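Undergrad:
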Amino acid sequence: PVVKIVLGEGSPNKILLAAGIHGDEPAGVDSLCLFLKEKRYKRYINKCEITFLPCINPTGYEAGTRRNFNNIDLNRKFKLKKPPLEVRCVQTVFQDPFDMTIELHEDCESDGFYLYQAKDSNGETILGYKILRNVKKMMPINTSQEIDGMPAVSGVIQVKPMPRKMRFWPMAIYAMTKGTSQFLTLETPSTLPLSKRIR
Numbered sequence: 001p002v003v004k005i006v007l008g009e010g011s012p013n014k015i016l017l018a019a020g021i022h023g024d025e026p027a028g029v030d031s032l033c034l035f036l037k038e039k040r041y042k043r044y045i046n047k048c049e050i051t052f053l054p055c056i057n058p059t060g061y062e063a064g065t066r067r068n069f070n071n072i073d074l075n076r077k078f079k080l081k082k083p084p085l086e087v088r089c090v091q092t093v094f095q096d097p098f099d100m101t102i103e104l105h106e107d108c109e110s111d112g113f114y115l116y117q118a119k120d121s122n123g124e125t126i127l128g129y130k131i132l133r134n135v136k137k138m139m140p141i142n143t144s145q146e147i148d149g150m151p152a153v154s155g156v157i158q159v160k161p162m163p164r165k166m167r168f169w170p171m172a173i174y175a176m177t178k179g180t181s182q183f184l185t186l187e188t189p190s191t192l193p194l195s196k197r198i199r
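Using my numbering, read the sequence shown as starting at 1 and increasing by one per residue.
(1) So the beta strand (DSSP E) Val6 belongs to, where does it begin and stop?
(2) Between Ala19 and Leu74, which are expected to be in contact by the criterion C-beta below 8 Å, what is the C-beta distance as a whole number of angstroms?
(3) Could you tell me if Asp111 is buried or exposed, where buried requires 16 or more neighbouring beta carbons within 10 angstroms of its beta carbon?
(4) Classify Leu186: buried if its beta carbon has 16 or more other beta carbons within 10 angstroms, exposed otherwise.
(5) Using a Cβ-Cβ cutoff of less than 7 Å, which residues in the same chain neighbour Pro97 once the five nearest sequence positions on both sides are dropped?
(6) Suppose contacts are defined by Cβ-Cβ distances below 9 Å. Is Thr101 in contact with Ile15 by that definition?
(7) Just to check my reading of the structure: Met138 and Lys196 have Cβ atoms closer than 8 Å, yes? What is that Cβ distance to the nearest angstrom?
(8) Kindly indicate the opening and closing residues of the beta strand (DSSP E) around Leu192.
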């Protein structure tokens, strides 16, 4: 099953934490499960309603494959009128817009951590850089000026997508079309030990 957990229901800020859309990226799944097990959410649920999707692609996670059991990359199917079942399950959580979505991913080709964030109207969103400052205490940051074919600054790729012009939508773009005001996609380097990536 695709599991959904909501904590702090009715709190003013709505946050979505999601992982495991690519089954061969286990650190995000394990990280959210540990976050829940250790009850680290307690300090936030008075201020935030947090929706957790800890493992969007359970068959891929169990098999250790990027794609699901039907060989589909789920993070490329959010624009379809009839998407796969797992994507339809995820789409049901977007009945009301989120203030922020945070997706946990991994990159087997990167030598350091980086993230994507939505570019705000001034082009100076600072949350991504705050995250990077904390992450670099425990792992290297990818400081390349270009990551995954896009310009990056100190490990942050700021994107201002135009959904209508995009051939496919990943989950972050779907969230944006449903009114999410800020999205972050975090990418840990899968070459590091799993315990460090989870942390």
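C-beta atoms are modelled at their ideal positions from N, C-alpha and C, and glycine is treated no differently. Quick caveat, the model's predicted, so the values are computed rather than measured.
TA: From the atom records:
(1) Locating residue 6 in the sequence shown gives position 6, where the first residue counts as 1. Looking at the DSSP string, the run of the beta strand (DSSP E) that includes Val6 is 5-7.
(2) Counting from 1 along the sequence shown, the entry for residue 19 is found at position 19. Counting from 1 along the sequence shown, the entry for residue 74 is found at position 74. Contact flag wrong, Cβ pair sits at about 12 Å.
(3) One-based indexing of the sequence shown puts residue 111 at position 111. It is exposed - the Cβ of Asp111 has fewer than 16 other Cβ atoms within 10 Å.
(4) To locate residue 186, count along the sequence shown from 1; it is residue 186. Leu186 comes out buried.
(5) For the purposes of this step, residue 97 is taken as residue 97 along the sequence shown, with counting starting at 1. Counting only Cβ-Cβ distances below 7 Å, and skipping sequence neighbours, we find Lys178, Gly179, Thr180.
(6) Walking along the sequence shown from the start, residue 101 turns up at place 101. Walking along the sequence shown from the start, residue 15 turns up at place 15. In this structure, Ile15 lies closer than 9 Å to Thr101 by Cβ.
(7) What you label residue 138 is simply residue 138 of the sequence shown in a count that begins at 1. What you label residue 196 is simply residue 196 of the sequence shown in a count that begins at 1. Indeed, because the Cβ distance is near 6 Å, the residues count as touching under 8 Å.
(8) Position 192 of the sequence shown holds residue 192. Where Leu192 is concerned, there is no enclosing beta strand (DSSP E), given that its DSSP letter is neither H nor E.
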